[in-house]
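Numbering (my numbering), first residue to last: 487 to 880.
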Amino acid sequence: MINQCTQQIEAFNVCVIIPTYNNCNTLRRVIDGVLPYTSNIIVVNDGSTDTTPSILEKYSQLHQIHIPKNKGKGNALRVGFTYATQHGFDYAITIDSDGQHFPEDLSTFMTTLENAENKNILLIGARNMDQDSVPKKSSFGNKFSNFWFWVETGIQLMDTQSGYRLYPLQSLKNIKFYTSKFEFEIEVIVKAAWKGVEVQNVPVRVLYDMTERVSHFRPFKDFTRISILNTWLVIVTFFYIKPRNAFRKIKKKGWKRFFYEDFLESHDSPQKKALSVSLGVFIGLSPLWGFHSVIVIFLAVVLQLNKVIAFAFSNVSFPPFIPFIVFASLKLGGFILGHNYSISIDEITENYDFLNDLKTYIIGSFSLAIITALILGTLSYIILSLFNRKNNIS
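Written out as structure tokens, the structure is:
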């Protein structure tokens, strides 16, 4: 198995990056565990103040990077990636130096890469976080990270915090990163997914030996950094990434093809599609100008509806339709409040100041949104149910 893994590592031009900071108790064991598989090892000494430098003196055959002062794991990885790319490697497997990972699992990464149809892939080792030796705070932190990664990318993973990973270096070199501590390992997988890199888990073993393992994770400071990063990534997701992806999909396919493939022939149930239509129409007609896209995509994610359909139908408020929507909202709001408006479309298009009738407009707008969403949602459900029944018969 070792020989096969070594051949795969050579064939795919892979290196192993070992970032280390004051892990002198386990560093030698990690290096010695990796060496039978490959000598393409890059050790990044992130300003260690223990006996790490003297340990590395005995491994002069390896690539070594010595950072004078500790700057964080994220910076060490970024330095390692740059070095690996400059030396012609196409992939990098990162393994922590604290001894929690098993070098034998290198074969799992390589076999998965070899069998993958899409070679533009980022693999994350999925640990069994439910075993007794895993600290409860680590298990909670992993679930927390998994949730936000799903929100930001739509990808569900079992483990997003493992440092045992395979990275496609060519895909990463054009991505701009900003973090340098532990949160980098979140930033890199989210931004890689945004760039179209396939991100998935592979099963790996884990060993938590509290007698020799040294963790440099600072619960308050690092969790705060991670929370700030996730907040920013969520904002970018809903204000830019989700709308961008939906626009690209519609632009690539055209409205007609989009309607047939993503609306009629989507694998979602008629009920889910109809609810997605209703949500999109309701948000599109509501008086939430400027925030339609981010709100509809956020709600579609939270409610687990079809994001593309909801986004598409939220665009019922195209600029040419806005005067008619405002007109209908004022008329309906006036009817509900018992006011008789003699306003015309021409008056609205001539810089009508509807702020004077803001209450009427808001009530009418939400009422119009609810009524239209119910009507179009019901019609969509009927049409989609008939379409599905027809397909099943044929």
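Every residue, glycine too, gets a C-beta built ideally from N, C-alpha and C.
The structure displayed is predicted, hence computed values, not measured ones.
Taking all protein chains in view, the Cβ of lysine 681 is surrounded by fewer than 16 other Cβ atoms within 10 Å, so the residue is classified as exposed. Taking leucine 655 as reference, the option from Ile869, Phe668, Val674, Thr646 with the minimal CA-CA separation is Val674. Close CB contacts of serine 764 within its chain, under the 6 Å cut and outside five residues either way in sequence, are with Ala859, Gly863 (chain order). 8 Å or more divides the Cβ of alanine 679 from the Cβ of threonine 723.
The Cβ-Cβ distance between glycine 850 and serine 800 does not fall below 8 Å.
The beta-bridge partner set that DSSP reports for glutamate 684 consists of Ile607. Contact between valine 685 and isoleucine 610 holds, with the beta-carbon distance rounding to 7 Å and staying under 8 Å. The shortest C-alpha to C-alpha distance from histidine 552 to any of Leu789, Ile528, Phe498, Thr571 is the one to Ile528. Under a 10 Å Cβ-count criterion, isoleucine 868 is classified as exposed, with fewer than 16 other Cβ atoms of the shown protein chains found around its own Cβ. Distance between serine 803 and serine 871, taken at the CA atoms: about 27 Å.
At a Cβ-Cβ threshold of 8 Å, cysteine 491 and asparagine 526 do not count as neighbours.
Taking a 10 Å sphere around the C-beta of tryptophan 741, we find fewer than 16 other C-beta atoms and assign the residue as exposed.
Residues Leu761, Leu765 of the same chain have their beta carbon placed closer than 8 Å to that of leucine 789, with the five preceding and five following residues left out of the count. A straight-line Cα-Cα distance of about 8 Å links lysine 559 and aspartate 532.
Between isoleucine 712 and glycine 770, the alpha-carbon positions lie close to 33 Å from each other.
Taking one beta carbon from each stretch, the stretch 593-609 and the stretch 640-660 have 3 or more pairs nearer than 8 Å; the two touch. Tyrosine 569 carries a helical assignment under DSSP once its states are collapsed to helix, strand and coil. For lysine 555, the closest of Phe873, Asn731, Pro689, Tyr507 by C-alpha to C-alpha distance is Tyr507. By the Cβ-count criterion, proline 589 is buried, with 16 or more other Cβ atoms from all chains shown falling within 10 Å of its own Cβ. Straight-line spacing of the CA atoms in leucine 563 and tyrosine 577 works out to 13 Å. Around the CB of lysine 793, 16 or more other CB atoms lie within 10 Å, so the residue is classed as buried. Taking all protein chains in view, the Cβ of phenylalanine 777 is surrounded by fewer than 16 other Cβ atoms within 10 Å, so the residue is classified as exposed. Of the residues Ala732, Val530, Thr646, Thr568, the one whose Cα lies closest to the Cα of alanine 786 is Ala732. DSSP places histidine 549 in the uninterrupted beta strand (DSSP E) bounded by 549-553. DSSP places threonine 580 in the strand class (E or B) of the three-state scheme. Short of 8 Å from the beta carbon of threonine 537, and not among the five residues preceding or following it, lie these beta carbons of its own chain, in chain order: Cys510.
Setting aside the 5 residues that flank it on each side, lysine 557 is surrounded in the same chain by Asp532, Gly533, Ser666, each with a C-beta closer than 8 Å to its C-beta; the list follows chain order. In this structure aspartate 591 is in contact with arginine 691, their Cβ atoms being roughly 6 Å apart against a cut-off of 8 Å. Contact annotation: phenylalanine 797 and proline 729 have beta-carbon atoms nearer than 8 Å.
Within the DSSP secondary-structure output, arginine 651 pairs in a beta bridge with Thr580, Ile610.
By the beta-carbon neighbour count (other beta carbons within 10 angstroms, threshold 16), methionine 596 is buried. Rounded to the nearest angstrom, the gap between the Cα atoms of tyrosine 545 and lysine 662 is 33 Å.
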